[in-house]
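Heads up, the thing below is written out as structure tokens.
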Amino acid sequence: MELAQVRLLVTDFAACYRFYGEVLGLKPQSGATEGPYEKFSPHTGSAGIALQDRAMMAEVLGELGEEACGHRSLVVLRVDDLDAYCAEITSRGATLLHGPAPMTDRMRVAHLKDPEGNLVELQEWLLLRA
Numbered sequence: 001m002e003l004a005q006v007r008l009l010v011t012d013f014a015a016c017y018r019f020y021g022e023v024l025g026l027k028p029q030s031g032a033t034e035g036p037y038e039k040f041s042p043h044t045g046s047a048g049i050a051l052q053d054r055a056m057m058a059e060v061l062g063e064l065g066e067e068a069c070g071h072r073s074l075v076v077l078r079v080d081d082l083d084a085y086c087a088e089i090t091s092r093g094a095t096l097l098h099g100p101a102p103m104t105d106r107m108r109v110a111h112l113k114d115p116e117g118n119l120v121e122l123q124e125w126l127l128l129r130a
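Residue 70 in UniProt numbering sits at position 70 of the sequence shown; the count goes up by one each step and never skips.
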């Protein structure tokens, strides 16, 4: 078994596409800016984040018709230089909710939300510094 992706169900597909592609700088697979589906990948590693139009998925599973409420996901991205990456994404429109700040003695983090309110945590692993 292999984890293919984590998929987020979104209502405003275009805003989320812009956030993951232009603001966070992840690479879109196909360029489907209006959806109903797109996968984004970081420049390194094999993990991926995908967006799925909530209305399309609601046609398959009727219970998804209503908007989600509360925090149901936390997307975590590891970066080499948290301060530099946070400066880069805030210059492209991201708004940090917290950090950059220490989380533990092994990690620094920053938090923000995508246009649908999904939490995104940016991590810098301090143990990787030698």
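A virtual CB, placed ideally from N, CA and C, is assigned to each residue, including glycine.
Query                                                                                                                                                                                      : Result
Using the Cβ count rule (16 or more neighbours within 10 Å means buried), how would you classify GLY94?                                                                                    : It is Ala, not Gly, that sits at residue 94 in the sequence shown. ALA94 is buried by the Cβ-count criterion.
Is the beta carbon of LEU26 less than 8 Å from the beta carbon of TYR37?                                                                                                                   : no
Where does the unbroken alpha helix (DSSP H) through TYR85 begin, and where does it stop?                                                                                                  : 82 to 91
Closest to TRP125 by C-alpha separation, out of ASP114, GLU116, MET103 and ASN118, would be which residue?                                                                                 : MET103
Is the closest heavy atom of the ligand SAH to the C-beta of ALA58 under 7 Å?                                                                                                              : This structure lacks the ligand SAH, and indeed carries no ligand of any kind.
Note down, one range per segment and in chain order, each beta strand (DSSP E) of at least 3 residues found wholly within the UniProt domain "VOC" (2 to 125).                             : 6 to 10, 37 to 41, 49 to 53, 74 to 78, 96 to 104, 107 to 113 and 119 to 125
When you compare the CB positions of ALA110 and LEU82, do they come within less than 8 Å of one another, or not?                                                                           : yes
Identify, in the order they occur along the chain, each residue of the same chain with its Cβ nearer than 6 Å to the Cβ of LEU97, setting aside the five sequence neighbours on each side. : HIS111 and LEU112
Rounded to a whole number of angstroms, what is the C-alpha to C-alpha distance between ALA32 and THR11?                                                                                   : 15 Å
PRO115 and residue 194 - do their beta-carbons sit closer together than 8 Å?                                                                                                               : This structure cannot settle anything about residue 194, because the visible part of the chain is limited to 1 through 130.
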